[in-house]
Each structure stands twice: as structure tokens, then as C-alpha cells.
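The next block holds one structure in the form of C-alpha cells; read it before the comments.
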Amino acid sequence: MSPTTSADRAGFAHDPAPRLRACFAAIAAGPMAGLPLCNPALEVAAIGFRHWQGEWLGALLTPWSLSLVLIPGGGGLFRPLAADERQCWTFPSGEYAFLGNSEPEIGPYQMCSLYSPVFEFESQADAEAVAHAALDALFVVADGPSEADAAAEQARLQGESVAAAPVSRRDFLRGGLLLRGRG
25 MSPTTSADRA GFAHDPAPRL RACFAAIAAG PMAGLPLCNP ALEVAAIGFR HWQGEWLGAL
85 LTPWSLSLVL IPGGGGLFRP LAADERQCWT FPSGEYAFLG NSEPEIGPYQ MCSLYSPVFE
145 FESQADAEAV AHAALDALFV VADGPSEADA AAEQARLQGE SVAAAPVSRR DFLRGGLLLR
205 GRG
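So the number in the working numbering is just where the residue sits in the sequence shown, counting from 1, plus 24.
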């Protein structure tokens with residue numbers, strides 16, 4: 025079986041990072057070599073790959089981009105997509121759209137771009153640190169609204185005034201909201 029057929033059917037049984045890195049290193053040394061959108065301080069790295077919901081999640085750093093990547097791992101949730109199609113994935117921090125892609129050496133995968141191009145990074149270590157931080161941030165539960173926001177929303181839903189006392193249009197325009205409490 026070819027790697028693409030295997031990946032299409034069951035996904036990767038083992039960490040796909042080495043194959044992903046090799047595939048994109050060849051692209052970096054070939055068609056992307058010397059293009060002005062490449063950052064010469066960076067090289068290809070497949071970062072932090074882990075099994076998540078039965079699929080493989082990690083980050084791909086290239087001299088031209090930094091992206092989150094999902095590769096099928098046999099979990100059944102991954103769908104091969106055309107380049108103009110997207111699949112939304114829900115993480116503890118929120119929902120993110122991943123675009124479809126495919127390379128003959130690795131088969132179908134999905135990407136969520138973080139940086140492109142990547143001139144913000146002065147070093148490989150800086151870019152890899154951002155990749156690790158982005159992966160970690162996916163699993164941090166998004167903060168809900170603050171207590172003040174929640175109270176204001178509750179008041180709004182009940183048809184009550186959100187402000188302690190009504191503000192005239194004139195006071196509003198003169199900054200009356202800011203002057204309250206100054207006595």
C-alpha cells in the first residue's frame with residue numbers, strides 16, 4: 025500500500041512528525057528555496073505532535089509559515105478535504121477552522137495558519153517556542169465573561185438599566201460617565 029492510501033484509510037499509527045518534516049524539508053530545498061517570502065533564519069520542524077481525539081495534532085514550522093497541523097490517526101473524525109474546504113475542530117480554548125491539503129509523501133492533512141510569512145521570528149528557538157505555546161493554548165479553557173460583564177448581560181436580558189443611574193445625552197457627550205463618583 026502507498027503511504028497516501030494507508031493514511032486515507034486508517035491514518036498514521038505512529039507519530040507522523042518525521043515524515044512531515046522530511047516532506048516539507050524537500051519542499052524548502054526545492055520549489056521554495058530562495059524565495060523572498062522565506063525567512064533564512066528558520067528551517068523546517070514538526071513540533072509537539074500528540075495523539076488527540078484519535079488524530080495527530082502538532083505544529084509545522086517552515087521558512088515561510090507556522091501552522092497547526094492535523095494528520096489522520098485513525099480516530100475517524102478527520103476528513104480529507106480539498107484545498108478550498110475547511111473542517112472546524114473544537115478545542116477547550118474554542119473552535120478553529122483547518123483547511124484541507126495533501127502531499128504525496130504524507131497524504132491528506134489539515135492546517136490552521138498561525139503566521140505567514142514568518143519574518144517576526146529572529147531565530148529557530150523563538151519560532152519553536154511560539155509553536156509550543158500555541159499548542160498549549162489550544163487546551164486552555166477559554167475564560168468566560170467577567171462578573172461585571174455577566175451582571176450587565178443579566179440586567180440587559182431582564183430589561184433593566186445596566187447603569188446605576190440614567191445618563192442624559194448631554195452628560196454622555198460631555199463625559200458624564202467618567203465624572204460620576206468624583207462627587
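Cβ atoms here follow ideal geometry from the backbone N, Cα and C, with glycine treated the same way.
- A37, DSSP secondary structure in three states: To locate residue 37, count along the sequence shown from 1; it is residue 13. Note: A37 maps to coil in three-state DSSP.
- Count the other CB atoms, across all protein chains shown, that sit within 10 Å of the CB of G58; report buried if there are 16 or more and exposed otherwise. The count along the sequence shown starts at 1 and reaches residue 58 at position 34. So G58 ends up on the exposed side.
- Query: How should S89 be labelled, buried or exposed, when 16 other C-beta atoms within 10 angstroms of its C-beta is the threshold for buried?
  - Reply: Position 65 of the sequence shown, counting from 1, holds the residue named residue 89. So S89 ends up on the buried side.
- Message: Do G35 and G98 have their beta-carbon atoms positioned less than 8 Å apart in this structure?
- Response: Counting from one through the sequence shown, the residue named residue 98 turns up at place 74. Counting from one through the sequence shown, the residue named residue 35 turns up at place 11. It is a contact, given that the beta carbons lie within the stated cut-off.
- Task: Identify the continuous alpha helix (DSSP H) that holds Q148 and give its terminal residues.
- Result: Stepping through the sequence shown from its first residue, residue 148 is reached at position 124. Looking at the DSSP string, the run of the alpha helix (DSSP H) that includes Q148 is Q148 to L162.
- Query: Using the rule of at least 16 other Cβ atoms within 10 Å of the residue's Cβ for burial, across every protein chain shown, is S137 buried or exposed?
  - Reply: As a position in the sequence shown, residue 137 is number 113, starting the count at 1. S137 should be labelled exposed.
- With a Cβ-Cβ cutoff of 8 Å, do A106 and G124 count as a contact? As a position in the sequence shown, residue 106 is number 82, starting the count at 1. As a position in the sequence shown, residue 124 is number 100, starting the count at 1. Going by C-beta atoms, A106 is nearer than 8 Å to G124.
- Item | 3 or more residues per run - each beta strand (DSSP E) lying fully within the stretch 36–77 | Counting only runs of 3 or more, we get 69–76.
- Write down the C-beta distance between I79 and I95 rounded to the nearest angstrom, noting that I regard them as a contact closer than 8 Å. For the purposes of this step, residue 79 is taken as the residue at position 55 of the sequence shown. For the purposes of this step, residue 95 is taken as the residue at position 71 of the sequence shown. The amino acid at residue 79 is misidentified as Ile; the sequence shows Glu. Between E79 and I95, the beta carbon gap of about 7 Å places them in contact (Cβ cut-off 8 Å).
- Query: Does at least one heavy atom of the ligand ATP sit under 7 Å from the Cβ of E109?
  - Reply: Summarising the ligand content, the structure contains no ligands, and the ligand ATP is consequently not present.
- Straight-line Cα distance separating G72 from F102: For the purposes of this step, residue 102 is taken as the residue at position 78 of the sequence shown. For the purposes of this step, residue 72 is taken as the residue at position 48 of the sequence shown. As the crow flies, the alpha-carbon of F102 is around 19 Å from that of G72.
- Message: Helix, strand or coil, according to DSSP, for T86 in the structure here?
- Response: The residue you call residue 86 lines up with position 62 of the sequence shown. Three-state result, T86: coil.
- Put F102 into one of helix, strand or coil per three-state DSSP. Residue numbering aside, residue 102 sits at position 78 when the sequence shown is read from its first letter. Coil, per DSSP.
- Task: Assign I95 to one of three DSSP states: helix, strand, or coil.
- Result: Within the sequence shown, numbered from 1, the residue matching residue 95 stands at position 71. Three-state result, I95: strand.
- Message: Mapping the DSSP letters down to three states, classify A121 as helix, strand or coil.
- Response: Reading the sequence shown from its first residue, position 97 is the one you call residue 121. It is a strand residue.
- Looking only at C-alpha atoms, which of S140, E127, G100 and S91 sits nearest to A121? Residue mapping note: residue 121 aligns to position 97 of the sequence shown, counting from 1. Cα-wise, what sits closest to A121 is S91.
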